[in-house]
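Visitor: Be aware that the sequence shown starts at -5, since it is given in our numbering, and climbs by one per residue. Backbone N, C-alpha and C fix where the C-beta goes; we use that ideal spot for every residue, glycine too. To start, I am sharing the structure in question, which I have written as structure tokens.
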Amino acid sequence: MDEKPIKDILLDIQRQLIPITELSVEIVTQAELQSYTENLYDQLVTLAYEGMDFLGQVQSGEVVSDEWIEKRDDLLNRARHLLLDAPNARP
């Protein structure tokens, strides 16, 4: 059996660890992206429910107040912000 010097064995080990390290970095990156995406989704769902509740309160013939306009604008701005922050967002 051919014996390798320890230096060569260590170099072989380092070469084999490089792909494992790269894979580990990729896994962490994917996990962070998934967490970010899930957070955006949760915020969008919450915003959608708030919007449904807000619009569900509007009755035919109701006078639109300044407060109503402010709430509407707030909901729209939050939605715009979340959608533009989403991956692959389109303006």
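Please report the distance separating the alpha-carbon of Val57 from that of Gly45.
Guide: Roughly 18 angstroms between the two C-alpha positions.
Visitor: Could you check the C-alpha separation between Lys1 and Glu16 for me, to the nearest Å?
Guide: 23 angstroms
Visitor: Hey, is the segment 32 to 39 in contact with the segment 61 to 71, meaning 3+ C-beta pairs nearer than 8 angstroms?
Guide: Segment contact: the segment 32 to 39 against the segment 61 to 71, fewer than three CB-CB distances shorter than 8 angstroms; contact not assigned.
Visitor: What's the gap between the Cα of Asp60 and the Cα of Thr23?
Guide: 45 angstroms
Visitor: Within a Cβ cutoff of 8 angstroms, which residues of the same chain sit near Ala73, ignoring the five residues on either side of it in sequence?
Guide: Leu38, Leu41, Gly45
Visitor: Alpha carbon to alpha carbon, how far is Ile14 from Leu4?
Guide: 16 angstroms
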